[in-house]
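Colleague: Chains as they are written, first to last, in my numbering: chain A, 353 to 719; chain B, 51 to 323.
Even for Gly, the Cβ is constructed at its ideal location relative to N, Cα and C.
Pasting in a structure now, in structure tokens, and then I'll have a few things to ask.
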Amino acid sequence: MTMASGLLQPPALWWLAALRQPQQALKWTLTQWQQVLRQARLLRLLGRLAEQISQAGLLDQVPPQVRRHLVAETRASRWQVGSLLWGLDRVADVLAGTPYARVLLKGAAYIGQGLSISAGRLPSDIDILVPLHALADAQTRLISAGWREPELDSHDQRYYRDWSHEVPPMQHPMVRMELDLHHNILPPVGHVQIDIHQLLTRLQPSRLQGWQVLHPEDQILHSAAHLFYDSELRHRLRDLVDLDGLFRQFVRTPESWSSLQQRAQTLHLGEPLALALHLCATWLDTPVPAPVLRLAVSEGLGRWQKVWLLPLLHSVLMPAPPDNAEPWHKSLASAVLLMRHHQRRLPLRLLVPHVLHKLRASKRSDA
Amino acid sequence: MQVQTLYAAFPFVDDGVWADVHLQMDRSLGWRRWWRPQVLLRCDGSFPFEPFPADGPFPFFEWSCNWMIGRRLNDLLLLHAGVVERDGLALVMPALPGSGKSTLTAALSLRGWRLLSDEFGAFDPELGSFRAMLKPVGLKNQSIDVIRRFAPEAAIGPSFPKTHKGVVAHLAPDLLAVDQRHVPARPGAVVLPKWQAGAVTHLEPWPAHLAFSALAFNAFNYTLLGQVGFDAVVSLTQQCPTWNLVYSDLNDALAALDALWPSIRAHHDLAPA
Chain A
353 MTMASGLLQP PALWWLAALR QPQQALKWTL TQWQQVLRQA RLLRLLGRLA
403 EQISQAGLLD QVPPQVRRHL VAETRASRWQ VGSLLWGLDR VADVLAGTPY
453 ARVLLKGAAY IGQGLSISAG RLPSDIDILV PLHALADAQT RLISAGWREP
503 ELDSHDQRYY RDWSHEVPPM QHPMVRMELD LHHNILPPVG HVQIDIHQLL
553 TRLQPSRLQG WQVLHPEDQI LHSAAHLFYD SELRHRLRDL VDLDGLFRQF
603 VRTPESWSSL QQRAQTLHLG EPLALALHLC ATWLDTPVPA PVLRLAVSEG
653 LGRWQKVWLL PLLHSVLMPA PPDNAEPWHK SLASAVLLMR HHQRRLPLRL
703 LVPHVLHKLR ASKRSDA
Chain B
51 MQVQTLYAAF PFVDDGVWAD VHLQMDRSLG WRRWWRPQVL LRCDGSFPFE
101 PFPADGPFPF FEWSCNWMIG RRLNDLLLLH AGVVERDGLA LVMPALPGSG
151 KSTLTAALSL RGWRLLSDEF GAFDPELGSF RAMLKPVGLK NQSIDVIRRF
201 APEAAIGPSF PKTHKGVVAH LAPDLLAVDQ RHVPARPGAV VLPKWQAGAV
251 THLEPWPAHL AFSALAFNAF NYTLLGQVGF DAVVSLTQQC PTWNLVYSDL
301 NDALAALDAL WPSIRAHHDL APA
């Protein structure tokens, strides 16, 4: 189906299929296992692989050296998920009774819905969203409950206030993870701006008391937009695995595919959806119907993007061999994509002064 | 060079199939290399640590390695403790602040006890035994000279004066410890050491609930292991008689532990030696 779109076909990462078919792992030699453990750990996919293997009842059939690492990573992941749930429980308590929406984003949302992609995650922070008009109230309540904001210089304060879709990460002595409080899913000054009200009117219940989640289509589009507009892409294959899981879980009928594409058009997120569909289909065999992929690519990607952007994305997503320095063409690809990423977040007239400020600040901290 | 000296007794594995942790040390290539050379540690394609000065990389290598072990090997309960073995039984010495556990562990390992680790009490909950986490023993400040005086023949590597923990030097594990590094040791006894200037050696039995907190609340990953960690520490406190040891003289402290040992053998139903 990817050939149907006539785009460059990269080599897939050989062990990724085991995330869906864990019995494949039983054929691996110890040398192959060693490579998988190292790459999967780097990509934050080891916990996921471990959970798949233990859910399939195969844990006792892998070599003992490997089994130890799978057990260890499963424990680390469950502990981390437990910490996230505890943090959410505390924040829900602080925000209980407020009239506005409280929304789980990203990993917290997947865990809060019990999606299959939540098994084996290693969440690193807690992402939540409230409407912009409620942001100050939520902040005040959190601060009076012991959450602390970092000390920022005036530039960074201005950055968060005017240019960002979240407030500075908050910390609490009783919660091990930082809290990222958002009022939008993308920066308000970026290349694509999201009318958040369109998302807030379609919220759905989660399994966690006091929390809602975005509509499944909006979860997919948020994940894609976050990956392609708001992330450094190196070592981010995990996000594609998430997207693959979301497509498989939520988009199963021709109607739901066309509804998703409609939604992407409405929110002006056709480009990240096209990239997500193309990359998921190539890397993870996501069952995207050929006409859907063709339409998404022809509407979402220009000629330039097909020729330049896709090869760069493939190159950056592929993890380098763990012991070698990164080849120069990969570093170059990363640099180009990083520039694109920053430019999508901030227009150049804001980006240039921001980068200069960061350079000066890092010189000061070096000295 | 330093690695060759301090890991001298270990076999050198050039193309091993398996390792739990891969660390690679490179000179960093930034512009700083011309006036302040630095070293960068790579682990599985990521760089988990800030670069450090190139003039004393060995202590940083050891700390980084310990950090990776402490973070990664959650199949084991990783107590912060020195462990030595005799008669198949592990003597576990949890590190309370200022306890001098590394000094005592080093001294025991120089008098016939088998060294498992001066840093990690690596208890395998499935096996019910301690695994060796064998690396050079890190000695700090005065304890370097204490050990040199205690055992002039000890294989102590170069001193690194400018680390964030003061002067650091390392004692190389001996051949016995290296040969048996894959042999586990079952729980024998817990000793809570406390070095106190001028103190007369004093060894007294210690209640199990205090042993519990000394073991659990100094561990690297007790909370992460959840129920597994709790059950493991409970079983350790049930199996191991615990003693509190106050000392100032190493020879004296070792004599007291030697005198105590027959009762620990008896506790575990071993015939008198």
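Counting only beta-carbon atoms, is His72 (chain B) nearer than 9 Å to chain A?
Modeller: Yes, its Cβ sits closer than 9 Å to a Cβ of chain A.
Colleague: Using a Cβ cut-off of 9 Å (strictly closer), state whether Leu265 (chain B) contacts chain A.
Modeller: No, no contact with chain A.
Colleague: Of the residues that make up the stretch 379-397 of chain A, which ones have a beta carbon closer than 8 Å to any beta carbon in chain B?
Modeller: Answer set for the stretch 379-397 of chain A: Leu382, Thr383, Gln386, Arg390, Gln391, Arg393 and Leu394.
Colleague: Chain B partners of Ala402 (chain A), CB-CB under 7 Å?
Modeller: Those do not exist, as Ala402 (chain A) stays about 11 Å from chain B at its closest Cβ, beyond 7 Å.
Colleague: Quick check on the burial criterion: 16 or more other C-beta atoms within 10 angstroms. Buried or exposed for Ala323 (chain B)?
Modeller: So Ala323 (chain B) ends up on the exposed side.
Colleague: Which first and last residues belong to the alpha helix (DSSP H) in which Lys379 (chain A) is found?
Modeller: Neither: Lys379 (chain A) is in no alpha helix (DSSP H) and is coded neither H nor E.
Colleague: For Val67 (chain B), return the contacting residues in chain A, with the cut-off set at a CB-CB distance below 8 Å.
Modeller: Here the neighbours are Leu382, Thr383 and Gln386.
Colleague: Would you be able to state if there are at least three C-beta pairs under 8 Å between the stretch 284-294 of chain B and the stretch 230-250 of chain B?
Modeller: The stretch 230-250 of chain B vs the stretch 284-294 of chain B: in contact.
Colleague: Between the beta-carbon of Val527 (chain A) and the beta-carbon of Ile478 (chain A), is there less than 9 Å?
Modeller: Closer than 9 Å, so yes.
Colleague: Interface residues of chain A around Leu275 (chain B) at Cβ under 9 Å?
Modeller: Those are Arg427 and Trp431, listed as they occur along chain A.
Colleague: Checking the sheet assignment: what are the DSSP bridge partners for Thr213 (chain B)?
Modeller: B:Gly216, per the DSSP bridge assignment.
Colleague: Let me know if Lys151 (chain B) comes out buried or exposed under the rule of 16 or more other beta-carbons within 10 Å of its beta-carbon.
Modeller: Flag for Lys151 (chain B) reads buried.
Colleague: Under the DSSP definition of a beta bridge, which residues are partnered with Tyr57 (chain B)?
Modeller: For Tyr57 (chain B), which the question treats as bridged, DSSP gives no partner whatsoever.
Colleague: Tell me, please, which residues DSSP counts as bridged to Ile478 (chain A).
Modeller: DSSP output for Ile478 (chain A) lists A:Leu531 as bridge partner(s).
Colleague: Taking Cβ-Cβ distances below 9 Å as the criterion, which residues of the stretch 121-140 of chain B are in contact with chain A?
Modeller: Going along the stretch 121-140 of chain B in chain order, one finds Arg121, Arg122, Leu123, Asn124, Asp125 and Leu126 with a Cβ nearer than 9 Å to chain A.
Colleague: Within 10 angstroms of the Cβ of Phe62 (chain B), are there 16 or more other Cβ atoms? Answer buried if so, exposed if not.
Modeller: So Phe62 (chain B) counts as exposed.
Colleague: Let me see if you follow: with CB-CB separation under 9 Å, is Asp675 (chain A) close to chain B or not?
Modeller: Judged by the 9 Å Cβ criterion, Asp675 (chain A) is in contact with chain B.
Colleague: Does any residue of chain A bring its CB to less than 9 Å from the CB of Arg161 (chain B)?
Modeller: So, not an interface residue.
Colleague: Return the CA-CA distance between Asp461 (chain A) and Arg427 (chain A), expressed in angstroms with no decimal places.
Modeller: The identity of residue 461 (chain A) in the sequence shown is Ala, whereas the question assumes Asp. So the two alpha carbons sit approximately 21 Å from each other.
Colleague: Any C-beta of chain A sitting closer than 9 Å to the C-beta of Val278 (chain B)?
Modeller: Yes, its Cβ sits closer than 9 Å to a Cβ of chain A.
Colleague: Rounding to the nearest angstrom, what Cα-Cα distance links Thr354 (chain A) and His630 (chain A) in this structure?
Modeller: For Thr354 (chain A), the predicted model reports a pLDDT of 39, less than 50, meaning its position is unreliable; a value from the coordinates is still stated below. Roughly 7 Å between the two C-alpha positions.
Colleague: Would DSSP call Thr618 (chain A) helix, strand or coil?
Modeller: Helix at Thr618 (chain A).
Colleague: Could you tell me the distance, in whole angstroms, from the CA atom of Thr492 (chain A) to the CA atom of Gln465 (chain A)?
Modeller: About 28 Å.
Colleague: Starting from Asp94 (chain B), find everything on chain A with Cβ-Cβ shorter than 8 Å and list it in chain order.
Modeller: Those within 8 Å of Asp94 (chain B) in chain A are Arg390, Gln391, Arg393, Leu394 and Pro674.
Colleague: Just to make sure I have the definition right: I need the residues of chain B whose C-beta is within less than 7 Å of the C-beta of Ser417 (chain A). Which are they?
Modeller: Note on identity: in this sequence residue 417 (chain A) is Gln, with Ser being the wrong assignment. Within 7 Å Cβ-Cβ: Trp68.
Colleague: Does DSSP put Phe180 (chain B) in a helix, in a strand, or in coil?
Modeller: Residue state, collapsed to three classes: strand.
Colleague: Return the CA-CA distance between Trp367 (chain A) and Gln376 (chain A), expressed in angstroms with no decimal places.
Modeller: Their Cα atoms are separated by approximately 8 Å.
Colleague: Report the option in A:Gly459, A:Leu436, A:Gln417 and A:Pro475 whose CA atom is closest to the CA atom of Asp70 (chain B).
Modeller: Nearest of A:Gly459, A:Leu436, A:Gln417 and A:Pro475 to Asp70 (chain B), Cα basis: A:Gln417.
Colleague: Just to confirm before moving on: does the CB-CB distance between Ile548 (chain A) and Pro483 (chain A) stay below 9 Å?
Modeller: Yes.
Colleague: Would DSSP call Leu653 (chain A) helix, strand or coil?
Modeller: In this structure, Leu653 (chain A) counts as coil in the three-state DSSP scheme.
Colleague: Compare the C-beta of Arg726 (chain A) with all C-beta atoms of chain B and state if any pair is closer than 9 Å.
Modeller: The first residue shown for chain A is 353 and the last is 719, placing residue 726 (chain A) beyond what the model contains.
Colleague: Contact between the stretch 133-144 of chain B and the stretch 165-177 of chain B: three or more CB pairs below 8 Å?
Modeller: They touch, by the three-pair rule.
Colleague: Give the DSSP-derived three-state secondary structure of Trp438 (chain A) in the structure shown.
Modeller: Helix at Trp438 (chain A).
Colleague: Chain B partners of Pro671 (chain A), CB-CB under 8 Å?
Modeller: In chain order: Gly95.
Colleague: To the nearest angstrom, how far is the alpha carbon of His328 (chain A) from that of Leu589 (chain A)?
Modeller: Nothing in the structure corresponds to residue 328 (chain A), since chain A is present only between 353 and 719.
Colleague: Have a look at the DSSP bridge pairing and note the partners of Asn294 (chain B).
Modeller: Paired residue(s): B:Leu242 and B:Glu254.
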